[in-house]
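Report on one structure; see the data block that follows.
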Amino acid sequence: MADLPAARVTACRVFSQAGIDYCGPFQLKTFSGKCRQIRKVYVCVFICFTVKAIHLEIVSDLTTEAFLAALKRFVARRGRPIEIHSDNGRNFVGANNELRKIQKALFKVGSSLVAVPDPDYTEIPMNRLSRWQLVQRMNQHFWRKWSSEYLNRLQQRPRWCKGNVGFKEGDLVLVKPSENSDSLKWHLARILKLHPGKDNTVRVVTLKGKQGIYKRPVTKIANLPYVN
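All residue numbers for the sequence shown refer to UniProt numbering, where the first residue is 1 and numbers rise by one.
This is the structure in structure tokens:
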């Protein structure tokens with residue numbers, strides 16, 4: 001079982017590592033004078049990968065422009081994220097292409113260049129601290145508790161103490177049926193490509209079966225036993 005991604009276990013500002021997705025549609029009732037109109041809207045969900053804080057923004061449609069407007073409102077309230085994680089929705093991909101056109105230097109630094117890092121206040125007696133230093137001490141104490149207690153409960157490992165079970169390109173595997181399928185039959189497929197992550201742990205593979213070419217997580221496939 002692989003380690004959690006670095007974005008999940010690094011102490012940082014809230015929403016520095018954010019995930020985004022849409023939910024909906026919802027019916028929104030608007031009034032203009034005596035006229036009443038019902039519109040279809042969506043909700044853009046921003047989730048902090050570190051502490052699971054949630055920020056919601058209403059968007060009018062699924063276009064790139066609507067998402068960029070929601071992203072601007074989010075940044076104005078929560079600050080600019082270091083990384084944003086999403087699926088390959090057209091609005092997210094389009095927004096990524098638009099933002100790449102902006103000068104890259106504007107995104108190099110998320111805070112002031114002259115900002116001084118805070119010293120460690122956790123070892124200083126509380127009666128010697130100012131109110132601001134006391135707040136910083138509580139913040140540092142929280143992150144220590146978060147690292148020593150929360151992370152250990154986030155990923156307990158009663159199983160899968162070893163690495164991947166040696167999947168290789170060309171292997172014949174059994175594919176677990178999807179949860180929405182009524183069939184209990186596991187299908188045969190062949191591994192075309194492995195997709196290792198930043199830690200060189202393979203979590204996703206590309207398969208070829210009778211359904212075509214598709215991707216599956218390694219937790220949904222099983223090696224066929226064979227004898228040399």
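Where a beta carbon is used, it is the ideal one built from N, C-alpha and C, also for glycine.
No experiment lies behind these values; they were computed from the predicted model shown.
Item, Value
"Test item: CB-CB of I47 and G24 under 9 Å", "no"
"Runs of alpha helix (DSSP H) lying entirely within the UniProt domain \"DUF5641\" (130-224), each at least 4 residues, in chain order", "131-145, 151-154"
"Cβ contact check for the segment 93-101 and the segment 34-49: 3 or more pairs under 8 Å", "no"
"Extent of the continuous alpha helix (DSSP H) run through T64", "64-78"
"A53 (DSSP reduced to helix, strand or coil)", "coil"
"Beta-carbon contacts of V114 that lie in its chain and below 7 Å, excluding the five residues immediately before and after", "Note that V114 scores a pLDDT of 49, beneath 50, so its modelled location is shaky; the value from the coordinates is reported in the next line. No residues qualify anywhere along the chain."
"Close beta carbons around R77, own chain, < 8 Å, minus the five adjacent residues each side", "H55"
"Range covered by the beta strand (DSSP E) that runs through E83", "83-85"
"Backbone CA spacing between Q17 and W143 [nearest angstrom]", "16 Å"
"Contact check, K193 vs T206, beta carbons under 9 Å", "yes"
"Exposure label - Y42; buried when at least 16 CB within 10 Å", "buried"
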